[in-house]
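Note that numbering that gives the first Met the number 0 gives residue 259 to position 260 of the sequence shown, counting from 1, and the numbers run on in steps of one. Glycine is no exception: its CB is placed at the ideal position from the N, C-alpha and C atoms.
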Amino acid sequence: MLTARTKSFAKENGWYQSSSAVFGLYKGYFFVLNSDYGSISIAAPYLDLKQEVQQVLKHLIAGNKKTLHLSEFSVDEQRVILVVKERFTYTRKHHLYETMDFLVGLFTQHNLAYEDRCLRCSSQNDLGYYCVGDAVTILCGSCYSELYESWRADKAEFTNQDKHYLKGGVGSAFVSLLGVALWVVLAIYSPRIASIALVLLGFLAFKGYELFGGKPGRFSAWIIILVNAAAVIVANYAYLLHGLYQRGHGIDLALQGPPAMVNQFAVNLIGSLSLCFLVWVVIFFQQRQALKFPEFKPAQLAT
Ligand SMILES: [Zn+2]
């Protein structure tokens, strides 16, 4: 998340910003600052840390955890991440500088290479910062041109790929029907839990669509929602049939059964569909989100 504090730090250092973080070089090393509720994470990505260096860094950071007000940290082969907590007072800018100086000190002590070079070909000419979705990278001009072409091809393929609506729809219906069968059994033995468990049918409709190869597309959310609505109606109807059967009515009399039961069926159904409406909103936005292909573009200077 971008905040006034991280943006002001970025401006002071001539850094860049993506939709969620600020980043740039600090004393030769590449850092990404990300502000979250109650903490700021300082990440040094794209390093090349040998096992023994990782161990030493972990040891030294752990020893300074308190002084640096860290709530957590992690060190792996490629990156070091420190999370500075902001409990009662906000993290002052000078504390960010101190923490980054501490890291730069560790990196230079261990002779880690500066990161003022293209991360793909190591060229130091014509460097630029680029965002791929939320991720950031350093590239030279020619690497950017090459990667941009392959990104364009990938984007076209993603946009034009067959969405397999039919396969997805069949999968969604199949998995939903299995869910309905289980739900009816649950409803017979424990009607209270069943009314809440009904929302899981929405999840099954979505999983079934994916399992059978359906891809996110303009119509995918509508297919999943329609299948789910049908499954909810079938589930409630099956539960009504069971009730009628227990009272000695024939299944063919289903909707001519005792008015009280039919009314209860209608009330249950409206309740179920209202509950599922919330799930449909989630499915709708999830599918819209999945339709987005991450943008690849030059980073903007922090403003
Ligand atoms: Zn390059």
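Under the 8 Å Cβ criterion, the stretch 21–40 counts as touching the stretch 3–12, having at least three qualifying pairs. Only exposed fits A155, as fewer than 16 other CB atoms lie within 10 angstroms of its CB. DSSP lists V131 as the bridge partner or partners of A134. Assignment of beta-bridge partners to E85 by DSSP yields no partner.
The Cβ atoms of F292 and V135 lie no closer than 7 Å to each other. With a cutoff of 7 Å on beta-carbon distance, W182 and A234 are scored as near each other.
Distance from the C-beta of R119 to the nearest heavy atom of ligand 1 is below 6 Å. Its Cα nearest to that of L138, the residue G127 stands out among K162, Y147, G127 and R78. Taking the CA atoms as reference points, D115 sits about 9 Å from S121.
Straight-line spacing of the CA atoms in L67 and V83 works out to 7 Å.
V280 sits in a helix when the DSSP states are folded into three classes. Residues of the same chain with a CB within less than 7 Å of the CB of S18, apart from the 5 flanking positions on each side, are D133 in chain order. Cα atoms of L111 and L102: separation of roughly 11 Å, rounded to the nearest angstrom. In this chain, the alpha helix (DSSP H) harbouring D100 covers K92 to Q108. Distance from the CA atom of Y96 to the CA atom of L46, rounded to whole angstroms, is 20 Å. Taking a contact to require three or more Cβ pairs closer than 8 Å, the stretch 196–206 and the stretch 148–162 do not qualify as touching. Straight-line measurement puts the Cα of Q16 at about 8 Å from the Cα of A9. Residue pairing from DSSP leaves F292 without any beta-bridge partner.
For D35, the enclosing beta strand (DSSP E) begins and ends at Y28 to D35.
Where S73 is concerned, the enclosing beta strand (DSSP E) starts and stops at L69 to V74.
Between the stretch 270–286 and the stretch 216–230 there are three or more inter-stretch CB-CB distances shorter than 8 Å, so the stretches are counted as touching.
Under the three-pair Cβ rule at 8 Å, the stretch 177–197 counts as touching the stretch 265–279. Shown here, Q54 sits in a helix according to DSSP, grouped into three states. DSSP, read as helix, strand or coil, puts F218 in coil. Separation of I222 and L239 (C-alpha to C-alpha, rounded to the nearest whole angstrom) is 26 Å.
Under the 10 Å beta carbon count, I60 is surrounded by 16 or more other beta carbons and is classified as buried.
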